[in-house]
Each structure stands twice: as C-alpha cells, then as structure tokens.
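Numbering (this note's numbering), first residue to last: 180 to 826. Cβ atoms here follow ideal geometry from the backbone N, Cα and C, with glycine treated the same way.
Pasting the structure below:
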C-alpha cells in the first residue's frame with residue numbers, strides 16, 4: 180500500500196519536473212527572443228530609432244530668405260517684399276487627418292470662404308513633412324485658425340516673405356513674377372532648390388533668379404504633443420538675395436505706360452550711347468501681385484483667355500512688319516553699294532509696275548520727281564521699290580542683319596524672339612520654293628516676310644543715331660549685396676559695327692530730321708521748338724488687301740485688319756541721348772497714332788533732364804496742355820489735309 184503511494188508520488192514529481200522544464204524552456208526562449216529584439220533595436224536600429232524619436236518632438240523648419248529688391252536707376256523701389264502667412268499641416272497622428280480636414284472645412288464654410296483644393300493634401304501628407312494647405316491667408320483667417328488651434332492638431336501658421344510689386348502693371352513685363360518651384364524645375368536644379376521654394380517664372384525675376392533668391396535658412400524647433408512650437412533649439416539664418424538696380428527710369432516708364440492706355444502695342448526707349456533701356460512698355464499688362472501665393476484659377480483664366488494677350492511681352496517677342504521704318508536700312512544699303520547718289524531722282528506717279536502687278540504708293544496721286552532726301556521725308560514708296568529692285572533681297576538682308584534685325588538682341592530678359600529677315604536661301608529652306616523678284620518689292624518697304632520686334636527697331640535706330648555701333652540692350656545696371664557692396668556692374672557691350680560711312684550717316688540723319696521738322700514731313704507730331712528730333716513714321720499692313728477699292732475699304736473698316744502704326748525717333752539730332760520706338764497695333768497711321776506716344780516720352784525725358792524729380796506743377800500742366808492742343812493745331816490740320824498723315 181505504502182509502496183503504491185510512493186510510486187504515485189514519485190511519478191507526480193517527475194511529471195512536475197518535466198512540466199517545469201518545458202515552462203522554463205519556453206520562458207528562456209521568450210526571454211532570449213526579447214533580449215535579441217532589444218539588442219536589435221538598441222544596437223542595429225538604435226541610431227535610426229533615436230532620430231525618429233527626436234523627430235516626434237524636434238522638427239527642422241526651413242526659413243525662406245528675402246528675395247533681393249529691384250530698383251530703378253534713381254533708387255526708387257519697384258519690387259519689394261512683404262510678410263505673408265501660409266497655413267501648413269504636419270501630421271501628428273494618423274487618426275487626426277480626417278478630423279483636421281473636417282474642422283478646417285467647417286471653419287471656412289462658416290465664413291463662406293472658398294475651400295482650397297490643397298485641403299486634400301492633408302489626407303496624403305507624409306509624417307513630419309509640412310504640406311501647404313492655404314497660401315497668403317488674410318488676417319481674419321489667421322485669427323480664426325489661432326482661436327481654434329487646439330482643435331487642429333498638426334496645423335500651424337508659417338510666416339513667409341512674398342513679393343510686393345510696387346509699380347504693378349506698368350513694370351510687369353520687365354520684372355515678371357515668382358511662383359512655387361515646379362517638379363521639373365526641382366529635377367533640373369539638381370538639389371539647388373527644395374519643395375516650396377519661390378522662383379522667378381518670367382522677366383528679370385527669372386533671368387536673374389540666381390542672384391535674387393538668396394539662400395534658405397533652417398531652425399530646429401521643439402514641439403508639444405499638439406505639434407505647436409515650444410522653443411528653438413538651433414538656427415541657421417537665411418541669406419537675403421542681391422538687389423538689382425535697373426537702367427529703367429520709373430518716371431519715363433510711367434509716362435510711356437500712360438501714353439499707351441487703351442492701346443495694344445509696345446514702347447521702347449533706350450540710350451543709343453551704350454544700350455541702356457530707359458523704358459520698356461508692353462500694353463496691355465497684368466498685375467504680377469496676382470501670382471503671390473499662387474494665382475487663382477479664375478484670375479488665370481481671365482488672363483490666359485483674354486483676346487488681347489496681356490501676358491505677352493510685346494516689346495521683345497511681338498513680331499511686326501517694320502513698314503516704312505525699314506526704308507532707312509534700304510537707303511543705307513543703296514548708298515553704300517553705290518547704286519544711288521543723294522541727287523538721284525525717281526519719278527513717282529503713285530504706282531510702280533513690275534511684271535503683271537502694280538505696286539501702289541501711299542500717296543495716291545504720286546510724289547512727282549523725288550530724290551533721297553524727299554523720299555525719306557515724305558516716305559515715298561515708289562522710290563524704295565526702285566531701290567529694292569536694284570539691290571535684291573539678299574543684299575538688303577545683309578545690311579538689315581548688320582543693323583541687328585533677324586536675330587535676338589541678347590537683352591537680359593527671357594523669351595526674346597528674333598523676327599524674320601528673308602533671303603532667297605531662307606525661303607527655299609522654309610517653303611521649298613525659289614525667291615520671286617516681285618517679293619523683293621514688298622520687302623523694300625518693310626512688308627512681305629519681314630518681321631521685327633520693337634526692341635530691334637530701337638537698337639537699329641540707335642545705330643543710325645550713334646554712327647553705326649550696335650549695342651546689346653541692357654535692363655540691369657548693377658547688382659548689389661543687401662549691405663550695398665557692389666557685386667557686379669554691367670558694362671556696355673558692342674555687338675556689331677554697321678558698314679556705313681559718315682557721309683551716309685549724315686545723309687540719313689538729314690532725312691530723318693526732315694521727317695519731323697520740314698513742312699511735308701510725315702512725323703510733324705514730334706516737332707519741338709528746339710527742332711532737335713529725328714524720326715521716321717511707318718504703317719504696316721496686317722493682311723494683304725484686295726485690288727478692289729470698295730473691298731479694300733470694307734476690310735479696313737474692321738479693326739483687326741487695320742494697319743499697325745509705327746514711329747521710331749532719336750534726339751537730339753547731334754549727339755543723340757535717347758531713342759524711342761513705338762508700335763500701336765491696328766492704330767492706323769504712324770504719324771497720327773504712334774508719333775504722339777513717342778512725343779510724350781521725348782518731352783518727359785527733357786523735362787526730367789531739366790528738373791529732375793522736382794518738376795513744378797505749372798510745368799506739368801503746360802506740357803499736358805501742349806500735348807492736347809498739338810493734335811488739333813492748324814499745322815496738324817494742314818498736314819492731315821495734305822495727306823501726309825497716311826504714313
């Protein structure tokens with residue numbers, strides 16, 4: 180009996196021991212796995228996890244630098260910076276996303292504000308990477324968000340600088356605008372830019388972006404459980420961009436802008452002595468401030484769908500037939516080639532027959548016998564038809580290109596176009612057809628395949644003014660650091676010397692002086708008491724006109740078929756200081772539409788030269804009254820009666 184109990188008891192003890200060993204083995208394995216896991220997390224993954232842990236409480240915040248200011252040649256600020264507030268989201272806990280979207284939507288809806296499309300970015304936001312969900316918010320929005328900050332975990336206000344385009348529309352096509360860097364730009368920058376950076380998209384903002392943008396700064400910020408900043412742990416200050424001082428004179432720019440009010444076209448005023456641009460207007464314009472913080476879809480559609488194309492920089496990319504302004508290039512070529520002398524005369528009967536076609540002169544009844552001087556003064560088409568026939572298209576083109584036509588000028592602005600100066604080789608390559616002799620007739624008066632930009636006209640006439648030197652036009656005068664240190668000063672750049680003798684230059688200047696100052700000149704609107712302006716009118720056909728007089732008048736009654744008006748001038752005649760080129764789209768005649776615009780710029784230049792920035796109010800009134808009366812003067816009526824306004 181006792182032996183049986185002993186055996187049973189011994190069996191139970193052995194069974195317990197076996198169970199204990201099994202439990203001990205399980206515990207030992209579990210402990211081993213736990214120790215191995217701790218070793219893996221502490222040793223293998225320790226550095227990474229430590230960084231993640233710190234990221235939960237410490238965030239690296241990018242600090243955007245101030246972009247450099249843009250000033251005119253007198254130090255007046257054209258583009259500055261101002262403070263803006265952006266709404267950003269940094270995920271705090273994944274489960275917060277829907278609640279944040281819901282609360283923000285509710286807050287915006289309560290004030291009838293438009294719900295930004297960027298709210299959707301919250302749902303896809305990556306941990307610890309800020310997502311901008313509303314840019315350049317108003318003070319009212321700022322106050323509302325701050326009031327409800329406890330209900331919006333992960334939502335923060337970021338203070339950023341944005342551009343302030345002080346001069347607005349009148350300077351928009353020169354300075355351009357900035358916007359957030361695109362994905363393509365990020366990839367092309369090869370790490371030089373980061374998401375959220377603001378970069379220049381057009382104009383000077385784009386061309387000189389590397390100087391203007393500065394360098395980003397950074398700050399380590401400790402945040403609480405709600406994602407709100409508690410304290411700064413370290414900071415690297417941003418470096419502000421360089422300031423640009425332009426050759427532009429803000430006063431002349433404003434005068435030119437106002438002179439083009441209600442018109443489409445361009446004005447370029449430059450210094451023929453070194454290529455500096457005094458004023459450059461493209462009309463109509465746009466407000467670059469619309470692009471701060473991202474332009475709205477509504478505003479973008481208004482700009483992009485406007486039939487007048489306000490975003491186009493007409494001064495450097497608008498391509499127009501040069502019309503009669505081109506006659507001076509043909510005259511220079513004929514004189515230099517020895518095909519004519521100043522006394523050579525041609526009979527103008529009002530038309531020129533060539534082959535089976537008759538080419539009309541703008542003066543229906545003809546000019547009679549005309550020499551070079553009178554042909555320029557009265558802009559006789561027949562005279563230049565004959566010169567064109569003698570020269571041929573290729574010789575005309577060679578001289579035109581020496582004056583800077585048919586190629587980009589190299590101005591420090593993006594998206595410049597070259598225009599077209601046709602040659603026989605060009606036509607064969609472009610259209611697979613040989614050049615026809617009759618096409619030279621149209622080319623000789625600036626029609627046909629010819630197309631030039633307003634800037635090219637200013638450059639060419641500056642070469643006429645200074646005796647044959649073609650300068651690269653420049654917008655920026657110098658680049659300075661924010662402390663005033665000179666980084667770079669721009670120097671005049673000679674691009675070409677026109678093969679034109681001093682005698683030829685003198686003859687052409689005499690003709691251009693006569694255009695403005697002689698009784699039958701087509702540019703009488705520029706006549707000043709000092710008699711110091713030289714200029715040339717031009718009227719460029721937009722489309723070919725039918726032979727029928729009735730059909731021609733019917734077509735010309737529609738504005739889109741009306742001629743472009745051109746005027747190019749320089750002053751004073753001796754030692755010129757300013758060149759002005761004006762194109763008014765569908766303006767009609769150069770003498771009546773474009774010349775008055777140039778007159779205002781010339782008057783403003785001399786007024787500024789005499790009085791500086793302290794122009795007496797009474798002088799302002801006198802100039803305005805003289806400008807209004809000029810178009811209705813008896814002399815003006817006589818010119819219109821004689822038909823000389825047709826050019």
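Determine, using beta carbons only, whether residue i and residue j come nearer to each other than 8 angstroms.
i: residue 442; j: residue 461; result: no
i: residue 245; j: residue 420; result: yes
i: residue 422; j: residue 247; result: yes
i: residue 384; j: residue 345; result: no
i: residue 787; j: residue 425; result: no
i: residue 781; j: residue 694; result: no
i: residue 600; j: residue 579; result: yes
i: residue 654; j: residue 353; result: yes
i: residue 746; j: residue 708; result: no
i: residue 759; j: residue 446; result: yes
i: residue 398; j: residue 377; result: no
i: residue 632; j: residue 498; result: yes
i: residue 720; j: residue 626; result: yes
i: residue 829; j: residue 471; result: Look at the range of the chain in this structure, 180 to 826, and you will see that residue 829 is not part of it.
i: residue 298; j: residue 284; result: yes
i: residue 545; j: residue 493; result: no
i: residue 474; j: residue 652; result: no
i: residue 327; j: residue 293; result: no
i: residue 704; j: residue 770; result: yes
i: residue 593; j: residue 287; result: no
i: residue 569; j: residue 513; result: yes
Measure how close the beta-carbons of residue i and residue j come, nearest whole angstrom, since I'm counting them as under 8 angstroms.
i: residue 501; j: residue 641; result: Not a contact, Cβ separation roughly 15 angstroms.
i: residue 836; j: residue 718; result: No answer is possible for residue 836: the residues shown for the chain start at 180 and end at 826.
i: residue 464; j: residue 595; result: At roughly 18 angstroms, the Cβ-Cβ gap does not stay under 8 angstroms, so residue 464 and residue 595 are not in contact.
i: residue 525; j: residue 691; result: About 20 angstroms; that fails the 8 angstroms criterion.
i: residue 686; j: residue 518; result: Incorrect: roughly 14 angstroms between the Cβ atoms, too far for contact.
i: residue 784; j: residue 431; result: 6 angstroms
i: residue 678; j: residue 515; result: 6 angstroms
i: residue 343; j: residue 259; result: 5 angstroms
i: residue 614; j: residue 623; result: So it is not a contact: roughly 13 angstroms between Cβ atoms.
With distances taken Cα to Cα, identify the nearest neighbour of residue i among the options.
i: residue 566; options: 505, 595 and 581; result: 505
i: residue 373; options: 781, 282, 298 and 242; result: 242
i: residue 351; options: 429, 317, 366 and 298; result: 429
i: residue 380; options: 702, 401, 361 and 586; result: 361
i: residue 333; options: 279, 295, 298 and 313; result: 279
i: residue 324; options: 268, 700 and 524; result: 268
i: residue 757; options: 539, 661, 667 and 639; result: 639
i: residue 749; options: 281, 438, 710 and 382; result: 710
i: residue 675; options: 258, 650 and 503; result: 650
i: residue 751; options: 364, 792 and 644; result: 644
i: residue 538; options: 522, 618, 514 and 587; result: 618
i: residue 390; options: 689, 792, 685 and 661; result: 661
i: residue 701; options: 503, 414 and 489; result: 503
i: residue 647; options: 454, 602, 281 and 522; result: 454
i: residue 586; options: 624, 534, 658 and 496; result: 496
i: residue 440; options: 612, 789, 772 and 211; result: 772
i: residue 582; options: 330, 293 and 684; result: 684
i: residue 257; options: 368, 355, 606 and 553; result: 355
i: residue 416; options: 395, 523 and 427; result: 395
i: residue 779; options: 688, 448 and 557; result: 448
i: residue 762; options: 438, 613 and 663; result: 438
i: residue 673; options: 436, 318, 220 and 589; result: 589
i: residue 637; options: 593, 612 and 714; result: 714
i: residue 169; options: 744, 382 and 755; result: Absent from the structure is residue 169, since the part of the chain shown begins at 180 and ends at 826.
When DSSP builds the beta bridges, which residues end up paired with residue i?
i: residue 789; result: DSSP, once it has assigned bridges, lists no residue as partnering residue 789.
i: residue 653; result: 455
i: residue 342; result: 260
i: residue 317; result: DSSP lists no partner for residue 317.
i: residue 241; result: 397
i: residue 673; result: 650
i: residue 763; result: 444 and 744
i: residue 284; result: DSSP, once it has assigned bridges, lists no residue as partnering residue 284.
i: residue 600; result: DSSP lists no partner for residue 600.
i: residue 377; result: 359
i: residue 424; result: 250 and 657
i: residue 536; result: 533
The stretch 551-564 contacting the stretch 519-533, beta-carbon criterion three pairs below 8 angstroms:
yes
Does the stretch 506-515 come close enough to the stretch 573-592 that 3 or more CB-CB pairs lie under 8 angstroms?
yes
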